[in-house]
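First residue of the sequence shown? That's 2 in my numbering, and the numbers climb one at a time after it.
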Amino acid sequence: MNEHATRIAVFASGNGSNLQAILDHFDGPAFGVAEVALVVSDKPTAGALDRARARDIPAHVVHHADAPAIERLLDALRIELVVLAGYLKFVPAEVVRAWHGRILNVHPALLPAFGGPGMYGLRVHAAVLAAGARTSGPTVHFVDEQYDHGPVIAQEQVPVLPGDTPQALAARVLEAEHRLYPRVIADVAAGRVRLSSRGEVIGASSPSLSSS
Ligand code: GAR
2 MNEHATRIAV
12 FASGNGSNLQ
22 AILDHFDGPA
32 FGVAEVALVV
42 SDKPTAGALD
52 RARARDIPAH
62 VVHHADAPAI
72 ERLLDALRIE
82 LVVLAGYLKF
92 VPAEVVRAWH
102 GRILNVHPAL
112 LPAFGGPGMY
122 GLRVHAAVLA
132 AGARTSGPTV
142 HFVDEQYDHG
152 PVIAQEQVPV
162 LPGDTPQALA
172 ARVLEAEHRL
182 YPRVIADVAA
192 GRVRLSSRGE
202 VIGASSPSLS
212 SS
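Have a look at this one:
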């Protein structure tokens with residue numbers, strides 16, 4: 002168990018509802034396990050920046066390809082774990098390599114299906130519906146140098162219901178993201194789950210999570 006709260010950076014491009022779920026989790030049930038010490042966005046208008054500033058968390062806009070600027074911020078704020086929460090850009094390869102096993106992502110579909118460049122927002126859910134899939138749900142994975150790729154830590158199954166629109170399915174999956182992602186972040190922060198040097202996920206998420 003960690004003796005101090007793991008210092009997390011959240012990277013977000015959008016509204017930041019996952020950021021909010023993470024903040025709430027580490028304010029509440031997982032208090033002391035981790036704390037959000039930095040929010041980074043590629044978009045000056047991202048709602049996630051407002052959520053951070055409202056809580057006096059350092060919030061910075063950085064060009065997505067500016068690896069030195071990203072590294073400087075992570076060092077300056079003594080960040081230990083990076084979590085992508087609706088971050089729609091590539092993290093520079095040198096940052097991914099330097100942070101092996103210390104960057105997580107959440108994707109709103111059951112990877113490896115329905116992921117990759119261009120697969121974000123309602124497009125993901127429209128593709129799931131067009132394929133006639135009966136289930137969808139979020140995936141949390143370690144980040145590697147490919148978009149929406151890398152060793153899977155946990156997934157949560159969400160039903161696709163008759164008559165679903167991309168919007169309705171997106172809302173159901175987002176609720177599941179808010180349950181799953183903060184708990185997996187806590188597992189990694191506490192050292193219960195980690196990535197081996199060979200790229201294998203070691204350990205399991207807490208029993209309440211079905212890692213399907
Ligand atoms: C979430 O559904 C997240 O899974 C998705 O963006 C949304 C952000 O919502 N990420 C991706 O599609 C990554 N490929 P939020 O800003 O409200 O957390």
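Here a beta-carbon is modelled for each residue, glycine too, at the ideal position from N, C-alpha and C.
Three-state secondary structure (DSSP) of residue i
{"i": "Phe91", "result": "coil"}
{"i": "Leu190", "result": "For clarity, residue 190 is Ala in the given sequence; the question names Leu instead. Of the three classes helix, strand and coil, the one that applies to Ala190 here is helix, per DSSP."}
{"i": "Pro163", "result": "coil"}
{"i": "Val40", "result": "strand"}
{"i": "Ala1", "result": "Lying before the first or after the last residue shown, residue 1 is absent from the chain, which here runs from 2 to 213."}
{"i": "Ala27", "result": "Correcting the residue type first, residue 27 is Phe in the shown sequence and not Ala. Of the three classes helix, strand and coil, the one that applies to Phe27 here is helix, per DSSP."}
{"i": "Arg180", "result": "helix"}
{"i": "Ala35", "result": "strand"}
{"i": "Ala10", "result": "strand"}
{"i": "Gln156", "result": "strand"}
{"i": "Leu196", "result": "strand"}
{"i": "Ser213", "result": "Any answer about Ser213 is weak, because its pLDDT of 38 lies below 50 and its placement is not dependable; what the coordinates show is given next. Coil, per DSSP."}
{"i": "Pro208", "result": "Bear in mind that a pLDDT of 49 at Pro208, under 50, signals an unreliable position, so the number given afterwards is only what the model happens to contain. Residue state, collapsed to three classes: coil."}
For residue i, the nearest candidate out of the options (CA to CA)
{"i": "Arg8", "options": "Ser197, Gly133, Glu36", "result": "Glu36"}
{"i": "Leu50", "options": "Pro69, Pro30, Phe12, Gly29", "result": "Phe12"}
{"i": "Ser14", "options": "Val62, Ala68, Arg184, Leu82", "result": "Val62"}
{"i": "Val41", "options": "His26, Phe27, Leu89", "result": "Leu89"}
{"i": "His26", "options": "Glu201, Arg180, Arg135", "result": "Arg180"}
{"i": "Pro59", "options": "Ser198, Val34, Ala10", "result": "Ala10"}
{"i": "Leu196", "options": "Leu20, Asp28, His101", "result": "His101"}
{"i": "Thr46", "options": "Asp57, Phe32, Gly17", "result": "Gly17"}
{"i": "Asp1", "options": "Ala169, Asp43, Asp57", "result": "Outside the shown range of the chain (2 to 213) lies residue 1, about which nothing can therefore be said."}
{"i": "Ile225", "options": "Ala53, Ala94, Ala86", "result": "Here the chain comprises residues numbered 2 to 213, so residue 225 is not present and cannot be evaluated."}
{"i": "Ala31", "options": "Leu39, Ala6, Gln147", "result": "Ala6"}
{"i": "Pro118", "options": "Val97, Ala53, Leu20, Glu146", "result": "Glu146"}
Does the region 195-207 come into contact with the region 145-165, if we say contact requires no fewer than three beta-carbon pairs (one atom in each stretch) closer than 8 Å? yes
Quick test of the definition: if touching needs 3 or more C-beta pairs under 8 Å, does the region 124-142 touch the region 92-109? yes
Enumerated in chain order, which unbroken segments of the alpha helix (DSSP H) with a length of 4 residues or greater are wholly contained in the region 118-154? 123-131
Within the region 45-109, note down every full beta strand (DSSP E) run reaching 3 residues or more, in order along the chain. 60-62, 82-85, 104-108
Using 8 Å as the Cβ pair cut-off and three pairs as the minimum, do the region 161-170 and the region 138-150 touch? no
Does the region 110-120 touch the region 68-79, meaning 3 or more C-beta pairs lie closer than 8 Å? no
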